[in-house]
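Protein chains: 2
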Amino acid sequence: MGTITKALNLLNHFTELTPSIGLVEMTRLSGQDKATVHRYLTELERNGFLEQDSKTRKYRLGSALLRLSFLREKTFPTSRIIANRVNGLSEELGELVHASLLQGNRLSPLCYRDAGSGGTRVYFDQADMIPFHATASGMAMLAFGDKALVKNALVEPLARFTENTITDPKLLLARVETIRSAGFAFSDQAVEVDVSSVAVPFYQDENQATGAIAIAVPVTRMNAASQRKFVHALWCTSEAITKELGGSLPAEIRKIWHNEG
Amino acid sequence: MGTITKALNLLNHFTELTPSIGLVEMTRLSGQDKATVHRYLTELERNGFLEQDSKTRKYRLGSALLRLSFLREKTFPTSRIIANRVNGLSEELGELVHASLLQGNRLSPLCYRDAGSGGTRVYFDQADMIPFHATASGMAMLAFGDKALVKNALVEPLARFTENTITDPKLLLARVETIRSAGFAFSDQAVEVDVSSVAVPFYQDENQATGAIAIAVPVTRMNAASQRKFVHALWCTSEAITKELGGSLPAEIRKIWHNEG
DNA sequence: ACACATGGTTTGAATATCGAACCATGAAAT
DNA sequence: ATTTCATGGTTCGATATTCAAACCATGTGT
Chain A
1 MGTITKALNL LNHFTELTPS IGLVEMTRLS GQDKATVHRY LTELERNGFL
51 EQDSKTRKYR LGSALLRLSF LREKTFPTSR IIANRVNGLS EELGELVHAS
101 LLQGNRLSPL CYRDAGSGGT RVYFDQADMI PFHATASGMA MLAFGDKALV
151 KNALVEPLAR FTENTITDPK LLLARVETIR SAGFAFSDQA VEVDVSSVAV
201 PFYQDENQAT GAIAIAVPVT RMNAASQRKF VHALWCTSEA ITKELGGSLP
251 AEIRKIWHNE G
Chain B
1001 MGTITKALNL LNHFTELTPS IGLVEMTRLS GQDKATVHRY LTELERNGFL
1051 EQDSKTRKYR LGSALLRLSF LREKTFPTSR IIANRVNGLS EELGELVHAS
1101 LLQGNRLSPL CYRDAGSGGT RVYFDQADMI PFHATASGMA MLAFGDKALV
1151 KNALVEPLAR FTENTITDPK LLLARVETIR SAGFAFSDQA VEVDVSSVAV
1201 PFYQDENQAT GAIAIAVPVT RMNAASQRKF VHALWCTSEA ITKELGGSLP
1251 AEIRKIWHNE G
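Residue numbers (my numbering), protein chains in the order written: chain A, 1 to 261; chain B, 1001 to 1261.
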């Protein structure tokens, strides 16, 4: 692991709950030496990736990120494309729809839209990390993303969120296989009681999935018929997103989706 | 200059016109060795700061930037705060208002809003770099930002855009002094014929300006009376932005603005 | 088949990074 | 006022990473 990776990893310690971090705290979080961390932090700051509060001396994410994110979105509008489709689907179905993007071993929410059907809404927290083994989106990534993801998901014991969370690695692998042949991922109250989801992957190229789009509903609204409807809608939307992103569905995926549809 | 800075600088070569760059091209642009650049690029890619097109093998800005930008904006909503004020001011005056942020030696546009009064609009290009010596915003940064900016602005010869562009370093320094005592920056057709602007800085702390907010109008609508109106409006808006960003106006600035207002 | 450009990899030599120990400052506590 | 603790920040010799030149592999147009 090179210097650049180590430095950039510091940025991942900023979260919604800890938006600014001091030097010593960051050394604790990263497990590296204080002098090293300090050099990294100041160098990141000089480049606008961090800012330092002049009073508390704590560091926070910097405005260079805004500029580069803007530019990326202007020249390669992933976010806009996906958000449009998410909104469209949510409106069409009247349910909560959300999309997440994979980066490395991290799956993070990109956008969501709740049409607010019937008053019951599902909580969904943005800009945080999504656990792979307990969500439909995460399972979709394990099944259709880079093969290495599965191994990586098992290095740590699987956290339990509810009674339904899969914590046995063997069961998880079996579930991944099921999902692969079904062409969609599903999760029943595995991260939160009363919430069921289905998810499908989308592609930026024709190899591995780069993200997933999911529908989450109160468990009372999920049955065989509604699930079929949701999955079909997701398949269509994913195909549209994939096309707009300049990717294409892998042959085996296309086969499943079109035969079952 | 450390490794991190050199690697991060590669990101700055992506522009709206060159949104994806290959290895050799990047070597040329950065002036560094090919092996080095390749290591940097792959390491940036592994962290999601770049993505590589699977066909052309070119690199483009990655989605980690979206995630981090999102998080920054959620925990420290610079962009939202400024955009709100820009919109408000533009609506109030019916003129084009824009804001830019300083990062290092780079001034880049953050947002703009043209209320579209009278059909005449001013062209404004986002996500690019703003020249310091030829714009009101840039001059505001030279006058009220980090003192080192002025030196840095003079290392290269001053590019000429129109007949009115200041290209003589001595004249530039004199102009900076004028602006400092006036409390606002102005520019008359220095970057584009027929466009006049006024600009004032805003602050995230109480030392140096971190950005500028400006009004650009067709030269026919700029006279002593309208300029006074624009400057006054900018002062109020900057004070509001500065406060919302958690900063405060330096004593000497406050004195000028309140006495003249 | 050939030249040429691209992406990517290897090598010893050079250089920048690492990290233990150190300094400086400020806030509580005695 | 002095001590203590925690913080941010700096120094410097050992060492691990980066550098740059040469090389390989692949694809493309002639």
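The beta-carbon is built from N, C-alpha and C at its ideal position, and this holds for glycine as well.
#### Entry: Beta-carbon neighbours of tyrosine 1059 of chain B, restricted to chain A and to distances below 9 Å
The premise fails here: tyrosine 1059 of chain B is roughly 11 Å from chain A at the closest Cβ pair, so nothing lies under 9 Å.
### Task
May I ask which residues mark the beginning and end of the alpha helix (DSSP H) holding serine 1238 of chain B?
1224-1244
### Candidates A:Asp53, A:Ala64, A:Pro19, A:Thr210: closest to leucine 142 of chain A by CA position
A:Thr210
### Message
Can you look up methionine 1141 of chain B in the DSSP assignment and give me helix, strand or coil?
### Response
helix
### Message
Rounded to whole angstroms, what is the Cα-Cα separation between proline 1250 of chain B and glycine 1138 of chain B?
### Response
19 Å
#### Entry: Boundaries (first-last residue) of the alpha helix (DSSP H) holding lysine 1113 of chain B
The residue you asked about is not lysine; residue 1113 of chain B is arginine in the sequence shown. Careful: arginine 1113 of chain B lies outside any alpha helix (DSSP H), inside the beta strand (DSSP E) at 1106-1114.
### Any chain B beta carbon closer than 8 Å to glycine 183 of chain A
no
#### Entry: Sequence ranges, alpha helix (DSSP H) only - wholly within the segment 1149-1223 of chain B, length at least 4
1169-1182
### Query
Name the chain A residues that come within less than 8 Å of alanine 1007 of chain B, Cβ to Cβ?
Ile4
### Task
Could you pull out every residue in the same chain whose Cβ sits closer than 6 Å to the Cβ of threonine 1120 of chain B, ignoring the five residues on either side in sequence?
For threonine 1120 of chain B, the predicted model reports a pLDDT of 48, less than 50, meaning its position is unreliable; a value from the coordinates is still stated below. Only Pro1218 meet the Cβ criterion.
### Message
Assuming glutamine 1204 of chain B and glycine 1247 of chain B are in contact, meaning their beta carbons sit under 8 Å apart, how far apart are those beta carbons, in whole angstroms?
### Response
4 Å
### Message
Tell me which residues share the same chain as serine 1079 of chain B and place their Cβ nearer than 6 Å to its Cβ, disregarding the 5 neighbours each side in the sequence.
### Response
Glu1073
### Task
Measure from the C-beta of glycine 1022 of chain B to each C-beta in chain A and report whether the shortest distance is under 8 Å.
no
### Query
When DSSP labels each residue in this structure, what does arginine 1057 of chain B get in the three-state scheme?
coil
### Message
Distance check for tyrosine 1112 of chain B and valine 1150 of chain B, CA to CA, integer angstroms please.
### Response
25 Å
### Query
Under the DSSP definition of a beta bridge, which residues are partnered with phenylalanine 1100 of chain B?
The sequence given here places serine at residue 1100 of chain B; phenylalanine does not occur at that position. Beta-bridge pairing links serine 1100 of chain B to B:Pro1109, B:Ala1212.
### Message
Tell me the residue span of the alpha helix (DSSP H) that contains glutamate 1045 of chain B.
### Response
1034-1046
#### Entry: Proximal chain B residues relative to serine 63 of chain A, where beta-carbon distance stays under 7 Å
Thr1078, Leu1101, Gln1103
### Message
Let me see if you follow: with CB-CB separation under 8 Å, is glutamate 16 of chain A close to chain B or not?
### Response
yes
### Task
Determine the extent of the beta strand (DSSP E) in which leucine 1249 of chain B is found, giving its start and end residues.
First-last for leucine 1249 of chain B: undefined, no H or E at that position.
### Message
So, at 7 Å on beta carbons, what are the nonlocal neighbours of arginine 57 of chain A in its own chain, with the 5 sequence-adjacent residues on each side left out?
### Response
Gly22
### Query
How far does the beta strand (DSSP E) with leucine 1050 of chain B in it reach, from first residue to last?
1050-1052
### Message
Please classify alanine 1190 of chain B as buried or exposed, where buried requires at least 16 other C-beta atoms within 10 Å of its C-beta.
### Response
buried
### Query
In or out: glutamate 163 of chain A buried (at least 16 other Cβ within 10 Å) or exposed?
exposed
### Message
Between which residues of its own chain and threonine 5 of chain A is the CB-CB distance below 6 Å, once the five residues before and five after are set aside?
### Response
none
### Task
Quick one: grab the DSSP three-state call for serine 79 of chain A.
helix
### Query
Under the rule that 16 or more other beta-carbon atoms within 10 Å means buried, what is methionine 1222 of chain B, buried or exposed?
buried
### Task
Please report the residue range of the alpha helix (DSSP H) in which serine 30 of chain A lies.
23-30
### Query
For chain B, is any of its Cβ atoms less than 8 Å away from the one on lysine 74 of chain A?
yes
### Query
Does the separation of the CB atoms of leucine 1065 of chain B and serine 69 of chain A fall below 8 Å?
yes
### Query
Which whole-angstrom value is the C-beta distance of proline 169 of chain A and leucine 154 of chain A, which I expect to be below 8 Å?
5 Å
### Beta carbon of glycine 62 of chain A nearer than 8 Å to that of glutamate 43 of chain A
no
### Query
Does aspartate 146 of chain A get closer than 8 Å to chain B when you measure Cβ to Cβ?
no
### Message
Please report whether the beta-carbon of leucine 11 of chain A lies at a distance below 8 Å from any beta-carbon of chain B.
### Response
yes
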